[in-house]
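Q: Below you will find the structure I want to go over with you.
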Amino acid sequence: MGVSRRAVLLAGAGTAVGSTLAAGRAAADAGAERGPAAGSVRARAADAGDDLSDVYLDERAWVNDRIQQIRAMSSHGTPLLEMELPNALRGLRLYVKNESVHPSGSHKHRLAEALFLNALANGWLRKGGPVVEASSGSTAISEAWFCQKLGLPFVAVMPAGTDAEKKQAVRDLGGEIVETSGAEISERARWEAQQRSGHFMDQFTYAERAYDWRSDQGIAGEVIGAVDPDWFVMGAGTGGTATSLARYARYTDHKVRVCVTDPENSAYFPGWRDTDRDAKAAGSRIEGIGRPVVEPSFLFPLVNRMIQVPDAASIATMRVAADRLGIKPGGSTGTGLYGALKILHGMRESGRRGTVVTVLCDPGERYLTTYYNDAWLDQQGIEFRPWLPAVERFFETGRWIPPVNRRTAPPPRGPL
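Going by our numbering, the sequence shown opens with residue 81, and the numbers climb by one from there.
Quick look at the structure:
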């Protein structure tokens, strides 16, 4: 490979329910304020006049106990790994924030913690649960981990094509899985929560507001406090992590700019480009990032740059990263790292110095039957091999020469 890696520790060690789904949305959203049935409340109000109390369960002792449990489980930073660059890129530095070391194995551990605290403090999460989430995998695994610790049932509504390893990880943590198409997971999760008298966490709506972006203890404070980068680069699932870092940078007056790397068949890039929150797409093949619609937590003004990344380039960059870091990452890490390399190339071309940070989102062991399986990739039409020498060449020489005959993969066929 020619260039060794140097790890620097800088920051801590379906159809049948379609009509019901739409009809139940308002009722399920109102589940955030669940109490007695509306008719019961009105009857009591008529009997008791204009002075009522205890209409909604408080459960303060149970809530406080769970909040204390979560605080006691809070992580204290993750490692920042420096990837060695060639002499041609002298003055430029590249770091990878290794979020796979969290107890639940991904950067979604931080999101799950924030969502649980948000739901508990708002009175949405009740004793006995269940907690319901729409997720392609990593958020579901992290929320299942917290539910196991807190003694709550968990239901994950996942796209039918989600990796078997991720589904099994949820089941191993005591969670139940409901499968549907990728475009319908939020509606189905909302319906499931209503039918089960549970709480729909709704990461795609609440990620950007649940994160405590003012805190020095989150990923933003850790990254900026360690290396004060010029660019922070990663893909967006909900957009919550990128949003929290952008807000923190503005709040603390730091220079870092945010670049979101978006996979093929995602609505985020065209939506951001055209200022169109109604943009639609087929749905991403890179699990954990990209969406068929623009989700509420993806806030256009907080993103300084977007790069649309071919799926083949994501996989090739992921494979090269596995060799150079000595850690197998998932596909979304490849998407983010590809964008970081493009930014570094541009900085070199313009004669600038500086630092770029991206994220190792989750471990590659969750994708052994897909992204690390050449036969599966060939079946999907993801021709990653021509991209391998391009990525390797950059790490060896600093030269960025994409393959000449590159093409995008065909849109997904059938439900995701």
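Cβ atoms here follow ideal geometry from the backbone N, Cα and C, with glycine treated the same way.
1) Which runs of the alpha helix (DSSP H) fall wholly inside the segment 345-370 and span at least 4 residues, in chain order?
2) Under the three-state reduction of DSSP, which class applies to proline 483: helix, strand or coil?
3) In chain order, what residues of the same chain lie with their CB nearer than 7 Å to the CB of glycine 434, ignoring the 5 residues before and after it?
4) Just confirm the distance between the C-beta atoms of valine 237 and valine 212, as a whole number of angstroms; I'd bet it's less than 8 Å.
5) Just curious, the alpha helix (DSSP H) that phenylalanine 284 is in, first and last residue?
6) Quick check on phenylalanine 475: does DSSP put it in helix, strand or coil?
7) Would you mind giving the Cβ-Cβ distance between serine 324 and isoleucine 369, rounded to the nearest angstrom? I have them listed as a contact below 8 Å.
8) For the beta strand (DSSP E) containing threonine 341, name the first residue and the last one.
9) Which value, in whole angstroms, describes the spacing of the CA atoms of alanine 112 and alanine 273?
10) Going straight from the alpha carbon of valine 340 to that of alanine 322, what length do you get?
11) By the DSSP assignment, the alpha helix (DSSP H) with glycine 411 in it spans what residues?
12) What do you reckon, is the C-beta of arginine 140 under 6 Å from a heavy atom of the ligand GTP?
13) Counting only the same chain and skipping the five closest in sequence on each side, list residues whose C-beta sits under 7 Å from that of alanine 25.
14) Under the assumption that alanine 362 contacts glycine 351 (Cβ atoms under 8 Å), give the Cβ distance between them as a whole number of angstroms.
15) I need the straight-line Cα distance from arginine 268 to alanine 214, nearest angstrom please.
16) Can you tell me whether lysine 177 is buried or exposed? The criterion is at least 16 other CB atoms within 10 Å of its CB, across all chains shown.
17) Tell me whether valine 389 is buried or exposed, calling it buried when 16 or more other Cβ atoms sit within 10 Å of its Cβ.
18) First and last residue of the alpha helix (DSSP H) that includes asparagine 144?
19) Given alanine 300, which residues of its chain have a CB within under 6 Å of its CB, disregarding the five upstream and five downstream residues?
20) Applying the 10 Å Cβ sphere with the 16-neighbour rule, what's the burial state of threonine 355?
21) Among all the DSSP beta bridges, which residues are the ones paired with tryptophan 225?
22) Identify the continuous beta strand (DSSP E) that holds tyrosine 175 and give its terminal residues.
23) Counting along the chain, where does the beta strand (DSSP E) carrying arginine 404 start and finish?
24) Can you tell me which of the three DSSP states tryptophan 293 falls into?
25) Going by alpha carbons, who is nearest to proline 381 out of Phe464, Arg357, Ala396?
26) Are the Cβ atoms of glycine 410 and glycine 444 separated by less than 7 Å?
27) On the CB-based measure, 16 or more other CB atoms within 10 Å of its CB, does arginine 404 come out buried or exposed?
28) In whole angstroms, what separates the C-alpha of aspartate 243 from that of leucine 160?
29) What residue does the alpha helix (DSSP H) around threonine 321 start on, and which one ends it?
30) Quick test of the definition: if touching needs 3 or more C-beta pairs under 8 Å, does the segment 283-297 touch the segment 188-198?
31) Use the C-beta contact count for glutamate 375: other C-beta atoms within 10 angstroms, 16 or more gives buried, fewer gives exposed.
32) So for alanine 103, helix, strand or coil by DSSP?
33) Using 10 angstroms around the beta-carbon of lysine 246, count the other beta-carbons present and answer buried if the total reaches 16, otherwise exposed.
34) The beta strand (DSSP E) that contains isoleucine 257, what's its start and end?
A: The answer reads as follows:
1) When DSSP assignments are scanned along the segment 345-370, the uninterrupted stretches of alpha helix (DSSP H) that are 4 or more residues long and fall wholly within it turn out to be 348-354.
2) Taking the first residue of the sequence shown as 1, we reach residue 483 at position 403. Here proline 483 sits in coil by DSSP.
3) Residue mapping note: residue 434 aligns to position 354 of the sequence shown, counting from 1. Excluding five sequence positions before and after glycine 434, the CB atoms of its chain that fall closer than 7 Å to its own CB belong to Leu172, Asp310, Met427, given in chain order.
4) Here residue 237 is taken as the residue at index 157 of the sequence shown, counted from 1. Here residue 212 is taken as the residue at index 132 of the sequence shown, counted from 1. In this structure valine 237 touches valine 212 by the C-beta definition: roughly 7 Å separates them, less than 8 Å.
5) On the sequence shown, residue 284 is found 204 positions in, with the first residue counted as 1. It spans 283-290 - the alpha helix (DSSP H) in which phenylalanine 284 sits, taken as one unbroken run.
6) Locating residue 475 in the sequence shown gives position 395, where the first residue counts as 1. Helix at phenylalanine 475.
7) Locating residue 324 in the sequence shown gives position 244, counting from the first residue. Locating residue 369 in the sequence shown gives position 289, counting from the first residue. In this structure serine 324 is not in contact with isoleucine 369, their Cβ atoms being roughly 16 Å apart against a cut-off of 8 Å.
8) By one-based count along the sequence shown, residue 341 stands at place 261. Start and end: 337-343.
9) Within the sequence shown, the letter at position 32 stands for residue 112. Within the sequence shown, the letter at position 193 stands for residue 273. Only weak support is given to the placement of alanine 112: the predicted model assigns it a pLDDT of 48, under 50, and the value that follows is read from those uncertain coordinates. Rounded to the nearest angstrom, the two C-alpha atoms are 11 Å apart.
10) Locating residue 340 in the sequence shown gives position 260, counting from the first residue. Locating residue 322 in the sequence shown gives position 242, counting from the first residue. If you take the alpha carbons of valine 340 and alanine 322, they lie about 8 Å apart.
11) Stepping through the sequence shown from its first residue, residue 411 is reached at position 331. Segment 411-429, the alpha helix (DSSP H) holding glycine 411.
12) Absent from the structure shown: the ligand GTP. Ligands present: none.
13) Absent from the structure is residue 25, since the part of the chain shown begins at 81 and ends at 496.
14) In the sequence shown, counting from the first residue as 1, residue 362 sits at position 282. In the sequence shown, counting from the first residue as 1, residue 351 sits at position 271. The Cβ separation is near 14 Å, so there is no contact.
15) Translated into the one-based positions of the sequence shown, residue 268 becomes position 188. Translated into the one-based positions of the sequence shown, residue 214 becomes position 134. If you take the alpha carbons of arginine 268 and alanine 214, they lie about 8 Å apart.
16) For the purposes of this step, residue 177 is taken as the residue at position 97 of the sequence shown. With 16 or more other Cβ atoms within 10 Å, it is buried.
17) The count along the sequence shown starts at 1 and reaches residue 389 at position 309. Answer is buried; the Cβ neighbour count reaches 16.
18) Here residue 144 refers to the residue found at position 64 of the sequence shown. Counting along the chain, asparagine 144 sits inside the alpha helix (DSSP H) bounded by residues 140-153.
19) To locate residue 300, count along the sequence shown from 1; it is residue 220. Cβ-Cβ distances below 6 Å link alanine 300 to Ser324, Leu325, Tyr328 in the same chain, with the five nearest sequence neighbours on each side left out; the list follows chain order.
20) One-based indexing of the sequence shown puts residue 355 at position 275. An exposed status is given to threonine 355, since fewer than 16 other beta-carbon atoms sit within 10 Å of its beta-carbon.
21) Walking along the sequence shown from the start, residue 225 turns up at place 145. As DSSP reads the structure, tryptophan 225 sits in no beta bridge.
22) Your numbering for residue 175 matches position 95 in the sequence shown. Counting along the chain, the beta strand (DSSP E) containing tyrosine 175 begins and ends at 172-178.
23) As a first step, residue 404 must be located in the sequence shown, where it is residue number 324. Counting along the chain, no beta strand (DSSP E) covers arginine 404; the unbroken alpha helix (DSSP H) around it starts and ends at 391-405.
24) Stepping through the sequence shown from its first residue, residue 293 is reached at position 213. Correct three-state label for tryptophan 293: coil.
25) Here the question's residue 381 lines up with position 301 in the sequence shown. Cα-wise, what sits closest to proline 381 is Arg357.
26) If you number the sequence shown from 1, residue 410 lands on position 330. If you number the sequence shown from 1, residue 444 lands on position 364. Taking a C-beta distance under 7 Å as the contact criterion, glycine 410 and glycine 444 qualify as a contact pair.
27) Taking the sequence shown and counting its residues from 1, one reaches residue 404 at position 324. That one is buried.
28) Numbered from its first residue, the sequence shown carries residue 243 at position 163. Numbered from its first residue, the sequence shown carries residue 160 at position 80. In this model, aspartate 243 and leucine 160 are separated by some 27 Å (Cα to Cα).
29) Here residue 321 is taken as the residue at index 241 of the sequence shown, counted from 1. If you look at threonine 321, you'll find it in the alpha helix (DSSP H) that goes 320-332.
30) With contact defined as three or more Cβ pairs closer than 8 Å, the segment 283-297 and the segment 188-198 are in contact.
31) For the purposes of this step, residue 375 is identified with residue 295 of the sequence shown, where counting begins at 1. It is buried - the Cβ of glutamate 375 has at least 16 other Cβ atoms within 10 Å.
32) What you label residue 103 is simply residue 23 of the sequence shown in a count that begins at 1. Bear in mind that the predicted position of alanine 103 carries a pLDDT of just 43, short of 50, making it unreliable; the figure below should be weighed with that in mind. The three-state secondary structure of alanine 103, taken from DSSP, is helix.
33) Taking the sequence shown and counting its residues from 1, one reaches residue 246 at position 166. Lysine 246 is buried by the Cβ-count criterion.
34) For this step, residue 257 is matched to residue 177 along the sequence shown. Note, isoleucine 257: beta strand (DSSP E), 256-260.
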